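Asks: Residues in the sequence shown are numbered consecutively from 45, following the working numbering.
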Amino acid sequence: MAHPKRRQSKTRTLKRRTHDKAVAPTLAKCANCGSYHIYHTVCPSCGYYRGKIAIVMDETVE
């Protein structure tokens, strides 16, 4: 296996790692119920996606 001949500096290491960060998902407001959900996903509270019903939500109360 290859081994580095010289040690990498802290600056060079940090420059390489600048893109390795977590980003918060983009949220969208549901047009049907007004709650926030992640982009390109079905609304977890009402089951609508892009103005059309995608999942029939059960209205059972426990």
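Yeah, the Cβ is synthetic: ideal placement off N, Cα and C, and Gly gets one too. A quick note: this is a predicted structure, and the numbers were derived from the prediction, not measured.
(1) Determine the direct distance from the alpha carbon of residue 54 to that of residue 100, and round the result to whole angstroms.
(2) Tell me the DSSP secondary structure of residue 65 in three-state form.
(3) Is the beta carbon of residue 73 closer than 7 Å to that of residue 80?
(4) Taking just the CA atoms, how far does residue 77 sit from residue 180?
(5) Go through its chain and collect everything with a Cβ distance to residue 95's Cβ below 8 Å, but skip five positions before and after it.
(6) Note down the Cα distance separating residue 62 from residue 97, rounded to an integer number of angstroms.
Replies: If we stick to the structure as given:
(1) One-based indexing of the sequence shown puts residue 100 at position 56. One-based indexing of the sequence shown puts residue 54 at position 10. Roughly 53 Å between the two C-alpha positions.
(2) Mapped onto the sequence shown, residue 65 falls at position 21. Coil at residue 65, not helix or strand.
(3) What you label residue 80 is simply residue 36 of the sequence shown in a count that begins at 1. What you label residue 73 is simply residue 29 of the sequence shown in a count that begins at 1. Yes, Cβ-Cβ distance for residue 80 and residue 73 is below 7 Å.
(4) This structure cannot settle anything about residue 180, because the visible part of the chain is limited to 45 through 106.
(5) Here residue 95 corresponds to residue number 51 of the sequence shown, with the count starting at 1. Shown here for residue 95: same chain residues with a beta carbon closer than 8 Å to its own, the five before and five after excluded, namely 75 and 76 in chain order.
(6) Position 18 of the sequence shown, counted from the start, is the residue given in the question as residue 62. Position 53 of the sequence shown, counted from the start, is the residue given in the question as residue 97. Roughly 40 Å separates the two Cα atoms.
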